[in-house]
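Residue 1 is where the sequence shown starts when you use this note's numbering, and the numbers rise one by one after that. Idealized CB from N, CA, C, for every residue including glycine. Reading through the structure tokens given below for one structure.
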Amino acid sequence: GGAGGEAVRKLEGLVELTKESFQSEVLEDTARDVIVLFHTSTHKSSKDFAIYWKKLVERFRALAIPSIKVARYDVALHQIPREVEFESTPAVVLIPAKDKTPPYPVFHGKGKVRPIMMWAQQVASVRFEYPNDTPHLDEEQREAYLVQIVERDERVNAERARKKEERIAKIEKGEL
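Here it is, written out as structure tokens:
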């Protein structure tokens, strides 16, 4: 199937974990906070979430934050590591570099790229900064976003000015 193959294809900047590699890649990595997506490749909810995870991987790769490792663990193929607890998949869990003792922070929120990135920054054991408040956007997207904000502000200000002129005209006519 097409969608199944999509998940398997290697994504640069993403570590595909197995029950065996979880120990070395996650629990023994004391230099990096590991953000792990626990997903069930056979479930629609996990497939729907894959697009956001791909974007998150791309953004972390572009930002090149040395203390962050992004990984994925398919619970359809591998037993859930006993150290990890979450209610359902997809689940985003951060396993801190500096403290491998469970329980680990689990993301609760809107499963979109920016909220997950902001959460990761808050719970990370190795502090890091994003270059701006839109780490989920690349340069081109950020420029478009900033233009939208400027245009929106201009529209709002033009509307305010128009209403003010109307009020002044009414006052001058003695209508108010």
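In the three-state reduction of the DSSP assignment, Val113 falls in the helix class. Beta-bridge annotation (DSSP): His39 is paired with Asp74.
Beta-carbon to beta-carbon, Ala71 and Val34 are separated by about 6 Å, close enough to satisfy the 8 Å threshold. Fewer than three Cβ pairs drawn from the region 39-53 and the region 95-105 lie within less than 8 Å of each other, which leaves the two stretches out of contact. Exclusion of the five residues before and after Gln79 leaves Lys19 as the residues of its chain whose Cβ lies within less than 8 Å of its Cβ. Only residues of its own chain outside the window of five on either side were considered, and among them Pro135, His136 have a CB closer than 6 Å to the CB of Met117, listed in chain order. For the 7 Å CB-CB criterion, Gly109 and Val57 do not form a contact.
For Ala31, no alpha helix (DSSP H) segment is defined, and its DSSP state is neither H nor E. Contact between Val36 and Leu11 is absent: CB atoms are separated by about 14 Å, not below the 8 Å threshold. Rounded to the nearest angstrom, the gap between the Cα atoms of Glu25 and Asn132 is 29 Å. Note that the C-beta distance between Val15 and Phe38 is not below 7 Å. In this structure Leu27 is exposed. Its beta-carbon is surrounded by fewer than 16 other beta-carbon atoms within 10 angstroms.
Annotation: the continuous beta strand (DSSP E) that includes Ala91 extends over 91-95. Ser125 and Asp99 do touch by the CB rule: their CB atoms are close to 6 Å apart, below 8 Å. DSSP links Leu14 through a beta bridge to Val70. When secondary structure is reduced to three states using DSSP, Val106 falls in the strand class.
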